Amino acid sequence: MEIVTYILIILLLVLVGVSGLQFSYTFYVDRLNRMRQKHIRELERRCVLLRQQLEDAEQMLAERDAHIGRLFSESVTDDDVWAEVIDVESR
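Using the numbering used here, the letters of the sequence shown map in sequence onto residues 263 to 353.
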């Protein structure tokens, strides 16, 4: 009877160890889940900031292209005027 008691005590301690291991693993997985959720929120926040920066950059490029277009159209007009002046002088 004494050996059976020791075997049951050892079995009980093994089961307590296994359940403790399961609890610690559950806490570990829960912590990983919270860290991943926090990381995802941070990535979403950075995505919003980067999207805003991209929109601002696109707007600046559009304004620059419009300005270059205006300058180019003015320079073409000036070239046409000079071409007429040269043509008039050569006559």
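Heads up, the beta-carbon is just placed ideally off N, CA and C, and yes, glycines get one too. Please read these numbers as outputs of a predicted model, since none were measured by experiment.
| Can you tell me the Cα-Cα spacing of Leu277 and Ile271, whole angstroms? | Mapped onto the sequence shown, residue 277 falls at position 15. Mapped onto the sequence shown, residue 271 falls at position 9. Going from the Cα of Leu277 to the Cα of Ile271 covers about 10 Å.
| query | Under a three-way DSSP split, which group does Met297 fall into? | reply | Mapped onto the sequence shown, residue 297 falls at position 35. Note: Met297 maps to helix in three-state DSSP.
| said: My output table needs one value for Met263: the three-state DSSP class, helix, strand or coil. | reply: Mapped onto the sequence shown, residue 263 falls at position 1. Reduced to three states, the DSSP call for Met263 is coil.
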